Amino acid sequence: MVQKIDTAIIVAGGLGTRLRPLTENVPKPLLPIRGKPIIEHVIKNLKKHGINNLVISIGYKAEQVQDYLGGGHSLGVSISYVIENEPLGTGGAVRLASRDIDKPFFLVWGDNLMDINFSRMEEQFLESNAPIIMALTTREDVENFGVAKLEQNKIIAFVEKPKPEEAPSKLINAGAFILDPACLELLPEGKSSLEKDCFEKLAPEEKIVGYIHEGQWFPTDTLEKYHHANAFFHPELNFKEKKVIIADVDDTICDSCQVISPAMAEQISKMISQGYQFAFISGTKTEDLQEMISSRLSQPHHLLATTGTNYSIIGNNSVKNIYNHSFTAKKKEEIMAAMRKLISHFEITSLTTPEDQLQDRDSQITLSAIGRHAPSDKKAAYDQDCSKRQRWMEFLKIHLDENKYDIKIGGTTSIDITRKGLDKEWGIKAFAQYHGLPLSTILFFGDKIHPGGNDFAAARVVDCISVKSPPETLWQLRRIELLNNITNTERPWGRFEQFTANELSTVKILEVKAQQRLSLQSHQHREELWAALDDGVIAEIDGKKKYLKAGEKVVVPKGARHRLSSDKGNVRVLEIAFGKFDENDITRYEDDFGRI
């Protein structure tokens, strides 16, 4: 029996120069994406596929990575480290990290986020008998990458940054591999390139197999790509452990400065009645949040006003103030004076009133450039690229001490000033500490989770879902409610996930272990639809076997004797049964596990 590959090298030693200023004090592997460092997302996906023995190659600010990950015990893996004291290139780093490995191993670039199925990649590697398998992903902008040329599933060449019309394919190196360590003998001592000194030499010899990854793939090696990954990467979250939802307000829960919609209030109330806690965090002051949220939400909830510095619990027609971290009168006047100079210098004109433009929110002073209650379309069009506010912030930094105050871009047209360190990370952690909540139980929703956005600080401490509007938030909340109703059941032949079960239908995904089969059975009052999600499904109906490929479907009529089985590897089948499930409606004729 072939032994499973349980070792991976993660290359994470780069300087991150194209990510400055973010990497001036933090190494690239520890930059946050959706509440966790980039490298933690990489490790969790490896662990999901049983790859628990990790060697991490690090260099720049290596001690920070070691301090954060330690030996890997908190993540359920074993981690050892190899430190590059000088840049060795991809080849030199891998050669150094693999010096004690004598069998095939996974190799992963530590700055790519993806949900690649390492188990299927390993299956293909073992079937191919090739010394290297390389994950490939599809890109339209091939002119920015090295593109693979394939014959069947063999990579025979790489074409560097071709014109789109001259590209041999749209498949590029995704930064995940399985290698036989013997391949690394091609590399010279010291600094080398794995791509040029190994892959480009072995490809013409047809020694590299391509594995097509069709899921998420986000590089993070530049500020633009990192920003994009923050906005669109969706890590696999354990929604069942999330008991508290903390949400930004403007453009996340409701339109800017508007009251929460009846549909949103109904969904949140429903989830609160199911045991969730909801907290709403915003730069807005408590009185405005009460009007926007509490006026339509009767269930108990939490208001974290002015970025969490003013905390109130709302419920049973009462308001309970928990804590308040307001500015002193002297500091308020200092900030207000600087803001007035800004308004005068740049001739910033409000469409509403002076009080609506420059707001004292107790622990936060906010400039809403054209007025907080200006028309939404005017606000949306005012400073879409934040360039105006970037200039204003530079002006304010001349007049205010950055060691005392945080000056940051807020909502659609606003600049917020708080005490140093009072951002949404602080607000969330203070709330969690007050209630004794592990941060792992909190899920954050926001529309500005990207670097520079006023929700980005939340991504440093909790899992996040990025949304673009209240309707998307509502859809995500409904999805979470549905996912939490999914049940997972183990069986001797495998397992199944049940999504719905009612009078009309039952929907499941069955996963059948390699060379296992379900019982031969029939139902008198239900018919079923089977849809293969993988190749290798065997559907047996009334004595006839049909081998299904992914996407193929069969119908099981009422009364038909039927069973599913697997040809070689694990296979998944979507099963939709029409009619209410009843155990008494099952007649079993054969069963490999003694259930007759």
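For what it's worth, the working numbering labels the leading residue of the sequence shown as 552, then goes sequentially.
Ideal Cβ placement from N, Cα and C applies to all residues, glycine included.
Predicted, not measured: the structure shown is a model, and the values here were computed from it.
Between the CA atoms of residue j and residue i - distance to the nearest angstrom
i                  : j                 : result
aspartate 967      : cysteine 1015     : 22 Å
phenylalanine 1144 : arginine 1068     : 10 Å
glycine 1094       : lysine 1131       : 26 Å
glycine 564        : arginine 690      : 26 Å
alanine 644        : proline 655       : 17 Å
phenylalanine 995  : valine 1106       : 42 Å
alanine 1082       : threonine 837     : 52 Å
threonine 773      : proline 583       : 14 Å
glycine 1102       : glutamate 757     : 31 Å
glycine 922        : threonine 903     : 5 Å
glutamate 702      : proline 739       : 29 Å
threonine 917      : isoleucine 797    : 22 Å
glutamate 673      : glycine 1045      : 20 Å
glutamate 1041     : phenylalanine 657 : 29 Å
aspartate 666      : glycine 1087      : 23 Å
serine 824         : tryptophan 977    : 28 Å
threonine 969      : leucine 745       : 48 Å
glutamine 675      : proline 682       : 12 Å
histidine 764      : phenylalanine 750 : 19 Å
phenylalanine 979  : proline 905       : The residue you asked about is not phenylalanine; residue 979 is isoleucine in the sequence shown. So the alpha carbons of these two residues sit roughly 31 Å apart.
serine 849         : aspartate 911     : 28 Å
asparagine 704     : aspartate 692     : 22 Å
arginine 891       : serine 901        : 13 Å
lysine 598         : valine 628        : 7 Å
Closest Cα partner of residue i within the set the options
i                 : options                             : result
threonine 568     : Tyr611, Glu673, Ala1101 and Lys705  : Tyr611
lysine 721        : Gly761, Leu730 and Leu735           : Gly761
histidine 1113    : Gln825, Ala699, Glu1079 and Glu792  : Glu1079
leucine 1084      : Arg1011, Glu1126 and Leu990         : Glu1126
tyrosine 985      : Leu1115, Tyr874 and Tyr1140         : Tyr874
arginine 1139     : Asn1121, Lys892, His1074 and Phe790 : His1074
leucine 1033      : Gln818, Arg1146 and Leu735          : Gln818
serine 869        : Leu1028, Leu1025, Pro851 and Phe878 : Pro851
leucine 909       : Ser625, Phe897, Ser895 and Met887   : Met887
phenylalanine 829 : Asp806, Thr835, Gly866 and Val810   : Gly866
arginine 1123     : Ala1065, Leu788 and Leu620          : Ala1065
alanine 559       : Ser670, Gly640, Glu575 and Ser1117  : Ser670
aspartate 913     : Ser895, Ile594 and Ala880           : Ala880
Where the alpha helix (DSSP H) through residue i begins and ends
i              : result
histidine 778  : 774 to 783
asparagine 704 : From DSSP, asparagine 704 is part of no alpha helix (DSSP H); its letter is neither H nor E.
methionine 887 : 880 to 897
methionine 672 : 669 to 679
isoleucine 979 : 975 to 986
aspartate 618  : 613 to 620
leucine 597    : 589 to 599
glutamine 818  : 813 to 824
threonine 837  : 837 to 840
For residue i, three-class secondary structure by DSSP
i               : result
proline 572     : coil
serine 965      : strand
arginine 650    : coil
cysteine 749    : helix
proline 770     : strand
tryptophan 943  : helix
glycine 640     : helix
isoleucine 607  : strand
tryptophan 1044 : coil
lysine 794      : coil
glycine 761     : strand
alanine 563     : coil
serine 938      : helix
arginine 1030   : helix
glutamate 716   : helix
cysteine 1015   : strand
aspartate 1136  : helix
Span of the beta strand (DSSP E), counted from its first residue to its last, around residue i
i              : result
histidine 1074 : 1071 to 1074
serine 927     : Element bounds for serine 927: not the beta strand (DSSP E) but the alpha helix (DSSP H), 927 to 933.
glutamate 1062 : 1056 to 1063
alanine 1090   : 1088 to 1092
serine 631     : 629 to 634
leucine 664    : 663 to 665
serine 863     : 861 to 866
aspartate 957  : 956 to 960
Interface flag, residue i vs chain C, CB-CB below 8 Å
i           : result
glycine 643 : The structure shown has no chain C; it contains just one protein chain.
Cβ contact check for the segment 847 to 859 and the segment 937 to 955: 3 or more pairs under 8 Å: no
Decide if the segment 1016 to 1024 is in contact with the segment 978 to 998; the criterion is three or more beta carbon pairs, one per stretch, under 8 Å apart. Counting Cβ pairs under 8 Å, three or more are found: they touch.
Evaluate contact between the segment 597 to 609 and the segment 556 to 563, counting only Cβ atoms and requiring at least three cross-stretch pairs below 8 Å. yes
Assess contact between the segment 952 to 961 and the segment 836 to 853, defined as three or more Cβ pairs (one per stretch) separated by less than 8 Å. Is contact present? no
At least 3 beta-carbon pairs within less than 8 Å: the segment 577 to 593 vs the segment 633 to 652: Taking one beta carbon from each stretch, the segment 577 to 593 and the segment 633 to 652 have fewer than 3 pairs nearer than 8 Å; the two do not touch.
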